[in-house]
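These protein sequence lines map, in sequence, to chains C and X. Residue numbering for the first sequence follows this note's numbering, starting at 1 and increasing by one per position. Residue numbering for the second sequence follows this note's numbering, starting at 223 and increasing by one per position. Glycine included, each C-beta is placed from N, C-alpha and C at the ideal position. For reference, the structure discussed in these notes is given below.
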Amino acid sequence: MYFTRCALNPARRGARALLASPHKLHGAVQAAFPPQSTPAVAEGRVLWRLDQSEHQVQLYVVSPTRPDLTHLVEQAGWPTTTGWDTREYQPVLTRLATGQVWGFRLKANPVHSSRKAPDAQRSQRFHHVTVAQQTDWLLTRTEKFGFTIPAGEHKEPDVAVRGREVVRFDRKSATVSLSTVVFEGRLEVTDPDRLRASLIGGIGPAKGYGCGLLTLAPLRRG
Amino acid sequence: MSCLLLRLAAPLQSWGTSSRFTRRNTDRAPSRSGVLGLLAAATGRRRTDPLEELLDLRIGVRIEQPGRLERDFQTARSRDGQISMPLSYRFYLADAVFAVAVHGPDQLLETVEQALRAPAFPLYLGRRSCPPAGVLLHGMHDGDLAQVLAEAPWLASPWVQKQHRAPMVTLDTVADCPATEPRAELVRDEPVSFDPRHRQYDWRTVLSSQVTVPNPLHRSPTPIPAAAFAGGGHDPMAVFEEPI
């Protein structure tokens with residue numbers, strides 16, 4: 001597995017188009033891999049996330065094969081000075097052990113399934129809309145993902161909801177609408193195998209559209 | 223010699239030292255004549271009574287919260303509605319708070335303090351329509367005017383203190399000073415007689431200055447638990463830098 005970071009230049013026209021549409025960015029990320037390299041699901045899949053702060057746009061990609069982001073950097077990055085940074089993910093994954101505490105960030109698409117009407121044939125997905133629902137969505141699933149979220153200073157689970165937005169973009173002739181949320185906080189590893197699976201396989205729906213990539217970062221004390 | 227500390231706060235106050243005829247101004251800080259008048263009312267002196275030893279008191283004012291200037295355009299007519307009285311402008315300070323230190327002999331200050339607890343006449347802040355609000359007396363303090371004004375805690379309203387985010391606050395002070403002081407300013411604000419038939423004011427020298435006091439409601443920004451993350455944000459690449 002490979003973990004890649006690529007800085008995008010939001011001042012460029014190419015970047016604007018990609019930032020405006022997760023559908024286009026999905027295509028650009030997929031184009032980083034040659035067609036025959038489609039991996040088996042057990043090996044993980046291609047996941048990406050866009051971290052936008054005031055003046056910085058970072059694209060993170062997790063992938064089973066080494067990506068080639070030349071086209072993306074040429075369109076939307078800094079081709080002459082900054083490329084992209086790809087690292088072997090395996091050493092980090094093998095280091096995961098029960099009881100470790102990490103800082104995490106996750107952009108997700110919290111949804112629940114239900115029937116629109118009692119007599120409907122099929123159930124469909126509905127967005128969770130409030131912070132409480134969205135936080136609850138994560139907290140009830142953490143065990144399955146191989147970690148728990150310990151209680152923080154205020155005796156509440158140490159997770160914050162940073163960005164909530166409903167993104168709408170065109171896909172072919174239809175409009176896709178996604179309710180996305182950025183969770184940030186502290187996690188404790190309970191099951192390293194499951195956590196590895198979550199890190200390379202993603203969490204929740206809309207993985208093609210920049211959701212579900214969980215990243216870890218060391219906690220700095222003090 | 224010590225100081226009696228008062229807190230003058232009200233929805234409206236008005237402290238004029240130079241008002242004439244139909245334009246009744248207010249200063250941005252309580253006047254000496256206004257404060258002495260308040261003390262005289264508390265001790266039961268009538269307007270025609272001599273002010274005597276009250277004139278020995280020295281007064282220092284600290285502007286805790288400057289308030290907002292309000293103008294009142296006032297009309298009046300005679301009782302039968304036939305004659306229009308002169309139109310007048312009256313100015314007020316809305317929502318202002320002042321700390322007033324009164325310096326003088328201990329015995330006199332104790333009498334004044336007792337009188338303020340059970341005033342003989344109603345107290346008001348500059349005009350009869352401006353009764354004081356909140357706790358007026360803030361105790362006796364040792365030291366002279368400058369010292370008490372520099373050391374007294376900030377008496378502004380809690381909402382003002384919360385709004386002021388810095389740990390310290392700089393406040394303007396206006397205090398009586400000897401006429402020999404080179405930076406002194408002259409104000410015609412020394413009451414000689416409050417007798418309505420022949421009011422008299424003399425000149426007085428004041429010294430404007432500034433003091434800095436702590437903000438009691440300042441809370442240093444609490445470290446966010448998330449501040450534990452590297453570099454203020456979340457840096458996923460940092461996991462690759464960790465020694466294995």
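DSSP state of C:TRP137, grouped into three classes?
Three-state result, C:TRP137: helix.
Whose CA, out of X:ALA406, X:SER442, X:GLN432, X:VAL433, lies closest to the CA of X:TRP425?
X:ALA406
Residue ranges of each alpha helix (DSSP H) within the segment 244 to 290 of chain X, 4 or longer:
254 to 264
Which of the three DSSP states is assigned to C:VAL129 in this structure?
coil
Closer than 7 Å, Cβ to Cβ, to anything on chain X: give me those residues from the segment 38 to 62 of chain C, in chain order.
SER53, TYR60
List the endpoints of the continuous beta strand (DSSP E) containing C:GLU64.
Going by the sequence as given, residue 64 of chain C is Pro instead of Glu. Unbroken run through C:PRO64: none, as it is neither H nor E.
I want to see whether chain X comes within less than 9 Å of C:ASP85, judged by CB atoms only; does it?
yes
So with CB distances below 8 Å, who are the chain X contacts of C:LEU216?
PRO458, VAL461
What residues match up with X:GLU412 in a beta bridge as DSSP calls it?
X:ASP424
Bridge partner(s) assigned by DSSP for X:GLY365
Per DSSP, none; premise fails for X:GLY365.
Does the beta carbon of C:PRO157 sit closer than 9 Å to a beta carbon anywhere in chain X?
no
Please report the straight-line C-alpha distance between C:LEU187 and C:ARG168, rounded to a whole angstrom.
Approximately 31 Å between the Cα atoms of the pair.
Return the bridge partner residues of C:TRP78 from the DSSP annotation.
C:THR82
Are the C-beta atoms of C:VAL92 and some chain X residue less than 9 Å apart?
yes
Alpha-carbon to alpha-carbon, X:ARG419 and X:PRO233:
Straight-line spacing of the CA atoms in X:PRO233 and X:ARG419 works out to 30 Å.
In chain order, what residues of the segment 2 to 14 of chain C put their CB closer than 8 Å to some CB of chain X?
PHE3, ARG5
Which class does X:ASP328 belong to by DSSP, given the choice of helix, strand or coil?
In the structure shown, X:ASP328 adopts helical secondary structure according to DSSP, grouped into three states.
Would you tell me roughly how many angstroms separate the C-alpha atoms of X:ALA323 and X:SER241, rounded to the nearest one?
Roughly 25 Å separates the two Cα atoms.
How close, in whole Å, do the beta carbons of X:GLU292 and X:TYR314 come, if the pair is a contact with beta carbons under 8 Å?
4 Å
Are at least three pairs of beta-carbons, each pair with one atom in the segment 245 to 256 of chain X and one in the segment 406 to 415 of chain X, less than 8 Å apart?
Three or more Cβ pairs closer than 8 Å define a contact, and the segment 245 to 256 of chain X meets that threshold against the segment 406 to 415 of chain X.
Could you tell me whether the Cβ atoms of X:THR244 and X:TRP237 are closer together than 9 Å?
In terms of Cβ geometry, X:THR244 and X:TRP237 do not form a close pair [threshold 9 Å].
Could you pull the DSSP bridge partners for X:ASP417 from this structure?
Answer is none; X:ASP417 lacks a bridge partner.
Residues of the segment 94 to 106 of chain C with Cβ closer than 7 Å to any Cβ of chain X, in chain order
Across the segment 94 to 106 of chain C, CB contacts with chain X closer than 7 Å involve ARG95, GLY103, ARG105, in sequence order along the chain.
Can you list, in chain order, the residues of its chain whose CB lies under 6 Å from that of C:LEU69, leaving out five sequence neighbours each side?
Correct list, in chain order: CYS6, ALA32, TRP84.
Assumed close pair C:VAL61, C:VAL29 - CB separation to whole angstroms, cut-off 8 Å
6 Å
From the DSSP output, which residues share a beta bridge with C:GLY103?
C:ARG186, C:ALA217
At the level of alpha carbons, what is the spacing between X:ARG229 and C:ALA20?
59 Å
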